[in-house]
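S.K.: Below is one structure. I have some questions about it.
Residue numbers (the UniProt record's numbering): 1 to 210.
Dropping the structure here:
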């Protein structure tokens, strides 16, 4: 019961940050679950199950307030969903003792990167000219591919990869960058769960662990 209260409080605070900054839920939640000894595959599946609800609510809210740039959403969501499926398959077929150190380093890197972007570069990004047509029409596809895979393997990474890159590229205003990333993350989570759902042993372990 004590752990459930901690997890619930952590989830509330993590999504509060994620909804306003476009990042943070997966990285924060994954760090907490791993600290309590949850296996990486179970942690990732648990986070992506919960993010189906949180990203649906966040995405709907951003759509309602017109914070979503739909062409960018499509360019991120489709490749991200594909590599999220692949990343979930990879994570479920590797021993947890092998992947835990790499996930720990990844999550630490994501945390430091978030702090760097929003403490030292945010003012510079906000003062630069915004140009939605800047760059190639396909320039965001590799970004979506990388972010989707890292998100599925690390339990977080979609926001920390996409939001700072969109802000740094000057393609979108901050509210559009955050809203678009939040809305597109739903598709990444959905296809991660599709892969986890079709692994019977993982599903039974997840239910038993919770």
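The beta-carbon is built from N, C-alpha and C at its ideal position, and this holds for glycine as well.
Would you list, in sequence order, the uninterrupted alpha helix (DSSP H) runs of no fewer than 4 residues that lie entirely inside the region 157 to 197?
M.R.: You should have 158 to 169, 174 to 197.
S.K.: Just mark residue 18 as buried or exposed, buried being the case when its beta carbon has 16 or more other beta carbons within 10 Å.
M.R.: Residue 18 is buried by the Cβ-count criterion.
S.K.: State the DSSP-derived secondary structure class of residue 110, mapped to helix, strand or coil.
M.R.: Helix at residue 110.
S.K.: Can you look up residue 44 in the DSSP assignment and give me helix, strand or coil?
M.R.: Reduced to three states, the DSSP call for residue 44 is helix.
S.K.: Using only CA atoms, which one of 161, 64, 188, 170 lies nearest to residue 22?
M.R.: Here the closest residue by C-alpha is 161.
S.K.: Using alpha carbons as the reference points, say which of 14, 39, 79, 33 lies closest to residue 54.
M.R.: Measuring from the Cα of residue 54, the nearest candidate turns out to be 14.
S.K.: Just to confirm the assignment, what range does the alpha helix (DSSP H) spanning residue 152 have?
M.R.: Residue 152 -> alpha helix (DSSP H) spans 141 to 154.
S.K.: Can you give me the C-alpha to C-alpha distance between residue 142 and residue 169, rounded to a whole angstrom?
M.R.: Approximately 14 Å, taken between the alpha carbons.
S.K.: Can you tell me which of 94, 111, 155 puts its alpha carbon nearest to the alpha carbon of residue 34?
M.R.: Out of 94, 111, 155, 155 has the C-alpha closest to the C-alpha of residue 34.
S.K.: Just mark residue 32 as buried or exposed, buried being the case when its beta carbon has 16 or more other beta carbons within 10 Å.
M.R.: Buried: at least 16 other Cβ atoms inside 10 Å.
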